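J.: Going down the list, the sequences are from chains A and B.
Going by the numbering used here, the first sequence opens with residue 1, and the numbers climb by one from there.
Going by the numbering used here, the second sequence opens with residue 142, and the numbers climb by one from there.
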Amino acid sequence: MNTVIFRTAAPLIVATMLVFSVYVCLRGHNEPGGGFIGGLIAAASIAVFGMASGVPAVRRALKVDPLAIAGFGVLLAGFSGLLSLFIEAPFMTSIWLYLDLGETVVPFSTPMFFDIGVYFVVFGTLSAIALALESDREEDL
Amino acid sequence: MGLSLEASIALAALAPFLAALLTPFIHSLAGRYSGWVLATVPAGIFLLLLGVSEPVIAGGTIAASFGWVPSYGLTLSFFADGLSLIFALTIAGVGTLIILYSGAYLKGHRHKGRFLAYMLSFMGSMLGLVLADNMLALFMFWEATSVTSFLLIGFYHNRQAARRGAIQALVITNIGGMCLLVGVILAQHLSGTWLLSELRGLGGVLKDHALYGLVLALFLGAAFTKSAQFPLHFWLPNAMEAPTPVSAFLHSATMVQAGVYLLARMTPVLGGTAVWTGVLVAFGGVTLIWGALGALRETDLKQILAQTTIASLGLLVLLIGLGSEAAIAAMLVYFVAHACYKAGLFMVAGAVDHEAGTRDITALGGLADKMPVTFIGAALAALSMVGLPLTVGYFAKEEMYLALVGGDWLMLFVLAVLVVGNALLAGVALIVMIRPFLGDALPTPKNAHEAPVAMLAGPILLGGVGVVAGLLPDWLSADVLAPGAMAILGHAVEPHLKLALDLASPLIWLSALTWLLGIVVFRQAQAIRTVLRRLSAGIGWNADTAFDAVMFGLIRFAATVTRALHHGKLEFYLLAVFAALAVALFWPMLALGGLDWIVPTAELGDWSKRLVLPDLRPYEWGVVLLAVLGLLAVLIAQSRLIAILSLGIQGTALALIFLLFGAPDLAFTQLMVEVLSVVILTIVMTNLRLDARDHRPFEDWARDGTLAVVCGAGVSLLLMLVLTGTLDTRLSDFFTATSVPIAHGANIVNVILVDYRGFDTLGEISVVMGAGIAILALLRRRKKTEETGP
Chain A
1 MNTVIFRTAA PLIVATMLVF SVYVCLRGHN EPGGGFIGGL IAAASIAVFG MASGVPAVRR
61 ALKVDPLAIA GFGVLLAGFS GLLSLFIEAP FMTSIWLYLD LGETVVPFST PMFFDIGVYF
121 VVFGTLSAIA LALESDREED L
Chain B
142 MGLSLEASIA LAALAPFLAA LLTPFIHSLA GRYSGWVLAT VPAGIFLLLL GVSEPVIAGG
202 TIAASFGWVP SYGLTLSFFA DGLSLIFALT IAGVGTLIIL YSGAYLKGHR HKGRFLAYML
262 SFMGSMLGLV LADNMLALFM FWEATSVTSF LLIGFYHNRQ AARRGAIQAL VITNIGGMCL
322 LVGVILAQHL SGTWLLSELR GLGGVLKDHA LYGLVLALFL GAAFTKSAQF PLHFWLPNAM
382 EAPTPVSAFL HSATMVQAGV YLLARMTPVL GGTAVWTGVL VAFGGVTLIW GALGALRETD
442 LKQILAQTTI ASLGLLVLLI GLGSEAAIAA MLVYFVAHAC YKAGLFMVAG AVDHEAGTRD
502 ITALGGLADK MPVTFIGAAL AALSMVGLPL TVGYFAKEEM YLALVGGDWL MLFVLAVLVV
562 GNALLAGVAL IVMIRPFLGD ALPTPKNAHE APVAMLAGPI LLGGVGVVAG LLPDWLSADV
622 LAPGAMAILG HAVEPHLKLA LDLASPLIWL SALTWLLGIV VFRQAQAIRT VLRRLSAGIG
682 WNADTAFDAV MFGLIRFAAT VTRALHHGKL EFYLLAVFAA LAVALFWPML ALGGLDWIVP
742 TAELGDWSKR LVLPDLRPYE WGVVLLAVLG LLAVLIAQSR LIAILSLGIQ GTALALIFLL
802 FGAPDLAFTQ LMVEVLSVVI LTIVMTNLRL DARDHRPFED WARDGTLAVV CGAGVSLLLM
862 LVLTGTLDTR LSDFFTATSV PIAHGANIVN VILVDYRGFD TLGEISVVMG AGIAILALLR
922 RRKKTEETGP
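1) The alpha helix (DSSP H) with residue 20 of chain A in it runs from where to where?
2) Please list the terminal residues of the continuous beta strand (DSSP E) segment that includes residue 98 of chain A.
3) Within a Cβ cutoff of 6 Å, which residues of the same chain sit near residue 142 of chain B, ignoring the five residues on either side of it in sequence?
4) Taking buried to mean at least 16 other C-beta atoms within 10 Å of its own C-beta, is residue 106 of chain A buried or exposed?
5) Residue 106 of chain A by DSSP, collapsed to three states: which one?
6) Is the stretch 821-833 of chain B touching the stretch 842-858 of chain B in the sense that three or more CB pairs, one from each, lie closer than 8 Å?
7) Residue 54 of chain A versus chain B: which residues are under 7 Å apart at the beta carbon?
8) Please report the residue range of the alpha helix (DSSP H) in which residue 82 of chain A lies.
9) Given a threshold of 16 other Cβ atoms within 10 Å of its Cβ, counted over all protein chains shown, does residue 259 of chain B qualify as buried or as exposed?
10) CB-CB under 6 Å to residue 202 of chain B, same chain, minus the five flanking residues each way: which ones, in chain order?
11) Quick one: is residue 100 of chain A buried, meaning 16 or more other Cβ sit within 10 Å of its Cβ, or exposed?
12) Who are residue 167 of chain B's beta bridge partners in DSSP?
13) Give me the Cβ distance between residue 663 of chain B and residue 517 of chain B, rounded to the nearest whole Å; I'm assuming they're in contact under 8 Å.
14) Any idea what DSSP makes of residue 157 of chain B, helix, strand or coil?
15) At a CB distance below 8 Å, what residues from the stretch 80-96 of chain A approach chain B? Give them in sequence order.
16) State the CB to CB distance for the pair residue 266 of chain B and residue 282 of chain B, rounded to an integer number of angstroms; the pair is presumed to be in contact (CB under 8 Å).
17) Closer than 8 Å, Cβ to Cβ, to anything on chain A: give me those residues from the stretch 814-843 of chain B, in chain order.
18) In the DSSP output, what is residue 275 of chain B paired with across the bridge?
19) Which residue comes first and which comes last in the beta strand (DSSP E) that contains residue 204 of chain B?
20) Can you tell which of B:705, B:526, B:610, B:418 has its C-alpha closest to the C-alpha of residue 652 of chain B?
21) To the nearest angstrom, how far is it from the Cα of residue 914 of chain B to the Cα of residue 908 of chain B?
22) Let me see if you follow: with CB-CB separation under 8 Å, is residue 104 of chain A close to chain B or not?
23) Could you tell me the alpha carbon to alpha carbon distance between residue 247 of chain B and residue 490 of chain B, rounded to whole angstroms?
24) Applying a beta-carbon distance threshold of less than 9 Å, which residues of chain A neighbour residue 330 of chain B?
25) Verify the CB distance criterion: does residue 26 of chain A have a CB-CB separation below 8 Å to chain B?
26) Spatial neighbours of residue 329 of chain B within its chain, please: C-beta separation below 7 Å, excluding the five flanking residues on both sides.
27) Could one say the Cβ of residue 45 of chain A lies closer than 8 Å to chain B's Cβ atoms, at least one of them?
28) Along chain B, which residues have their Cβ under 7 Å away from the Cβ of residue 121 of chain A?
29) Could you tell me whether the Cβ of residue 3 of chain A comes closer than 8 Å to any Cβ of chain B?
30) So that I know if they touch, is there some Cβ in chain A lying closer than 8 Å to that of residue 882 of chain B?
31) Measure the CB-CB distance between residue 383 of chain B and residue 296 of chain B and report whether it falls below 8 Å.
32) Within the stretch 880-909 of chain B, note down every full alpha helix (DSSP H) run reaching 4 residues or more, in order along the chain.
33) Which whole runs of the alpha helix (DSSP H) in the stretch 396-483 of chain B are 4 residues long or more, in chain order?
34) Does the stretch 719-729 of chain B touch the stretch 847-861 of chain B, meaning 3 or more C-beta pairs lie closer than 8 Å?
35) In its own chain, which residues sit with a C-beta less than 7 Å from the C-beta of residue 439 of chain B, not counting the 5 before and 5 after it?
36) Can you round the beta-carbon distance between residue 34 of chain A and residue 817 of chain B to whole angstroms, since I take them to be within the 8 Å contact cut?
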């Protein structure tokens, strides 16, 4: 699998997939997509990256442990639900905020942050598993 | 005081927890003086409670309540009457001295801060327990005392005996805790209230109910485990592995008294019946004698004291069981006296151990010259334990004899038990006071010298209270006895405490008899010990070994069950999972008549009409063909890798079908899942270094194939069955109608996931992460065993 072609093409594939995954995640509220599928795409890209460049390179590029990303995702999703407590509404009541930039209106909402949390969880967990499986036994997990 | 009465009651219960949270900071700031600093917390609580005691002494109660779970009508409520205030003041007062003592006892210990934090949390739990009005809060604090005591007993966690003692205490007291929970729920169910203060006013509602026996058994189970009644007493001596301050605090004056408190608290609700009196007096009496004899068998100071604590707890339970005015009064006075002298004696034992290096009374002697102040503390406490006049212990003894004198022969028998028990305890008190301190000086492992002030304050002050309170019987009866007895019995009680010795009354002669027997016991201690040790060695079997046997059996049982269910053969796991799936698919279909439509009947027997080719477009046929080809490839594939890839082809075709029939989200996800499963399966396969070819014997092949076909048929039939019915569109109509106006999103699938059903998703992603952690742990373990070799 470790061919020159693959190794050369892999960074391009990975970059495209990552950008696409973010796009899919963010557009999810109105069109096909969402945090779960976005996270899957991103995790697949990490798996490809791992095959092409080796696990240590991926870990260096990620900077943080993938499982920590997953933990951050759960935290983010949980906290996005807690925000509604400030307007004295029950847990996970959604709050919407429309940011008017003149030309366009950007909607922010707690479900969006929740979806980003889902993205991180799926991405982090699956990347962690994929990297652990790909790594050779000399490396530490 | 600026605080309202209500707020101060709640503050008393919650402040120790706050202090425990801050303890690490305080400890790192105050260093070796952290004991002095932290002792201000219980001291403050003591003063606070003393400040609010006036209305309680006048016969009132103070109540405070906060919303807890308003939707269930639950409130976190506290209340203080005479009974709870006596307990709370004892806890806070003794607690102050104990924290001070701990600071010196664990001087320089690496985990002193942790210890003090545990102690404070325990104190908070205990104060909460005695001040709680809501029975669920009572249960919560009850369990909190079990947990904190587990942490404290196991504080020297590198000692095997300490770990065993901690686990034993936790197991036994938690059995009681579970009893309490069920009992509390049952009591609420029968009476309709969670509040102890209201329950008390309802009188006979529980007593006259058909389930009274069950409620009583549950509450007694809770109280007897916590208060170490025979035959569940054995955890208490083993808990002596804890550092001495813990024994002095938890296992004399506080935690073990929680059961006594519960019984006293439930007396108006459950007490007064023949069963109540019979059970409590019987168990209490046996425990009293058992514990007193146990104390004579031991030579370790702490073990001796632990056994006398068991005896005293039995005595208290017996008195509650009697339930007469004098008995309740005796119970309250004895509780106060016991808390003072027993905590003091434990602290003395700790000081002796700390300074002389041993606690064995046969190896100690003549310490009074080297540790005079400690000796004074020991003597004050022991005199109260013997029950000499001018001490609180004296009144306790007089009062309990008064409760029994002049009764029928059964009462006289109980009286005899009490006299014997008290005499044995008096003998033990003399042993504890005289053996280590008087007589010839013996060489000790450490060169003994006087303990530091912080360790002396406790025994001296508590001993002093025992004597000073004994000099003020009027105060004792008006301010302690009357409100406490009022809380238990519900009406004012005439106290009988008098300083003057009335030689005409039989009580003084009973006391004299007790002292006389006590001296005999003291003189014959050696012989009694030898006999008792021979006896117990002759039986060779006790509750402690029974506990071990039960625990061992439990572990063996768990191991057997685990081996049966969790045998480690992956193919059998899969077999079990798919067999269960097949059952789950077919059983409801058959049971609910879901397969009737498929059976050809006379009229509808024409199968040819049903089996018509659907009207599909050519590219749709192409996708179906792709799926079938993928499936066939899986079946005929010779190597595992090709089978995995073929499975991916089949899944991709499925994703295309979703895409063609209007479920882009599903298609998207399916595609990504297929890609990732192929990648991960391939990596796993290469990592496992399996044989590339998948050979299996015919019977395996037939078994797996049959199961696969059955499961596949089940899913297909279920789907067809679903399609024959009319689709209930209420839910999808609701989502279609409200998705944009309410949830601001056009993609209904995503809106359901992150908004309508967001809470479910939160749970699911937590599970995803948990599963990820588990998988990583498994992989890591496999790598480790590979490195070290199997």
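Positions of the beta carbon are idealized from the N, C-alpha and C atoms, including for glycine.
No experiment lies behind these values; they were computed from the predicted model shown.
T.: The relevant details are as follows:
1) Taking the first sequence and counting its residues from 1, one reaches residue 20 of chain A at position 20. First-last of the alpha helix (DSSP H) with residue 20 of chain A: 4-27.
2) Sequence index remark: in the first sequence, residue 98 of chain A carries index 98 (1-based). For residue 98 of chain A, the enclosing beta strand (DSSP E) begins and ends at 96-100.
3) Indexing the second sequence from 1 puts residue 142 of chain B at position 1. Residue confidence is low: residue 142 of chain B scores 39 on pLDDT, short of 50, so the model does not pin down where it sits. Its coordinate-derived value is still stated next. Here the set comprises 192.
4) The count along the first sequence starts at 1 and reaches residue 106 of chain A at position 106. With fewer than 16 other Cβ atoms from the protein chains shown falling within 10 Å of its own Cβ, residue 106 of chain A counts as exposed.
5) Counted from its first residue, the first sequence places residue 106 of chain A at position 106. Strand, per DSSP.
6) The answer is no - the stretch 821-833 of chain B does not touch the stretch 842-858 of chain B, with fewer than three Cβ pairs under 8 Å.
7) On the first sequence, residue 54 of chain A is found 54 positions in, with the first residue counted as 1. Against residue 54 of chain A, chain B offers no close residue; the least beta-carbon distance is about 14 Å (beta-carbon pairs closer than 7 Å).
8) Residue mapping note: residue 82 of chain A aligns to position 82 of the first sequence, counting from 1. Residue 82 of chain A: member of the alpha helix (DSSP H) spanning 66-82, first to last residue.
9) Residue numbering aside, residue 259 of chain B sits at position 118 when the second sequence is read from its first letter. Label assigned to residue 259 of chain B: buried.
10) Numbered from its first residue, the second sequence carries residue 202 of chain B at position 61. Here the set comprises 220, 222.
11) Along the first sequence, read from residue 1 onward, the residue named residue 100 of chain A stands at position 100. An exposed status is given to residue 100 of chain A, since fewer than 16 other beta-carbon atoms sit within 10 Å of its beta-carbon.
12) Position 26 of the second sequence, counted from the first residue, corresponds to residue 167 of chain B. In DSSP, residue 167 of chain B forms no bridge with anything.
13) On the second sequence, residue 663 of chain B is found 522 positions in, with the first residue counted as 1. On the second sequence, residue 517 of chain B is found 376 positions in, with the first residue counted as 1. Approximately 20 Å separates the beta-carbon atoms of residue 663 of chain B and residue 517 of chain B; this is outside 8 Å, ruling out the contact.
14) As a working note, residue 157 of chain B is residue 16 in the second sequence. Note: residue 157 of chain B maps to helix in three-state DSSP.
15) Residues passing the 8 Å Cβ filter: 81, 91, 92, 94, 96.
16) Translated into positions along the second sequence, residue 266 of chain B becomes position 125. Translated into positions along the second sequence, residue 282 of chain B becomes position 141. Yes, they are in contact, since the Cβ atoms of residue 266 of chain B and residue 282 of chain B sit about 5 Å apart, within 8 Å.
17) Those residues of the stretch 814-843 of chain B that come within reach of chain A (Cβ to Cβ, closer than 8 Å) are 814, 816, 817, 820, 821, 824, 825, 828.
18) Counting from one through the second sequence, the residue named residue 275 of chain B turns up at place 134. Under DSSP, the beta-bridge partners assigned to residue 275 of chain B are B:336.
19) Here residue 204 of chain B corresponds to residue number 63 of the second sequence, with the count starting at 1. For residue 204 of chain B, the enclosing beta strand (DSSP E) stretches over residues 203-210.
20) In the second sequence, counting from the first residue as 1, residue 652 of chain B sits at position 511. The shortest Cα separation from residue 652 of chain B among B:705, B:526, B:610, B:418 belongs to B:526.
21) Counting from one through the second sequence, the residue named residue 914 of chain B turns up at place 773. Counting from one through the second sequence, the residue named residue 908 of chain B turns up at place 767. The alpha-carbon of residue 914 of chain B is positioned some 10 Å away from that of residue 908 of chain B.
22) For this step, residue 104 of chain A is matched to residue 104 along the first sequence. The C-beta of residue 104 of chain A comes no closer than 8 Å to any C-beta of chain B.
23) The sequence position of residue 247 of chain B within the second sequence is 106, counting from 1. The sequence position of residue 490 of chain B within the second sequence is 349, counting from 1. About 15 Å.
24) Residue mapping note: residue 330 of chain B aligns to position 189 of the second sequence, counting from 1. Within chain A, no residue comes near residue 330 of chain B; the closest Cβ sits about 29 Å away, beyond 9 Å.
25) On the first sequence, position 26 is the one that residue 26 of chain A refers to. Judged by the 8 Å Cβ criterion, residue 26 of chain A is not in contact with chain B.
26) Start at 1 with the first residue of the second sequence, and residue 329 of chain B comes out as number 188. The answer, listed in chain order, is 276, 335.
27) The sequence position of residue 45 of chain A within the first sequence is 45, counting from 1. Taking a beta-carbon distance threshold of 8 Å, residue 45 of chain A does not count as an interface residue toward chain B.
28) Within the first sequence, the letter at position 121 stands for residue 121 of chain A. The answer, in chain order, is 906, 909, 910.
29) Working through the first sequence from its first residue, we reach residue 3 of chain A at position 3. Using beta-carbon distances, residue 3 of chain A does not count as an interface residue toward chain B, since no partner is under 8 Å.
30) Counting from 1 along the second sequence, the entry for residue 882 of chain B is found at position 741. Not an interface residue.
31) In the second sequence, counting from the first residue as 1, residue 383 of chain B sits at position 242. In the second sequence, counting from the first residue as 1, residue 296 of chain B sits at position 155. Against a cut-off of 8 Å, the Cβ pair of residue 296 of chain B and residue 383 of chain B comes out as a contact.
32) Qualifying alpha helix (DSSP H) stretches, in chain order: 889-892.
33) Every alpha helix (DSSP H) of 4 residues or more that sits fully in the stretch 396-483 of chain B is shown, in chain order, as 398-411, 415-438, 442-463.
34) The stretch 847-861 of chain B vs the stretch 719-729 of chain B: in contact.
35) For the purposes of this step, residue 439 of chain B is taken as the residue at position 298 of the second sequence. 445, 448, listed in sequence order.
36) Here residue 34 of chain A refers to the residue found at position 34 of the first sequence. Here residue 817 of chain B refers to the residue found at position 676 of the second sequence. 16 Å between Cβ atoms; not a contact.
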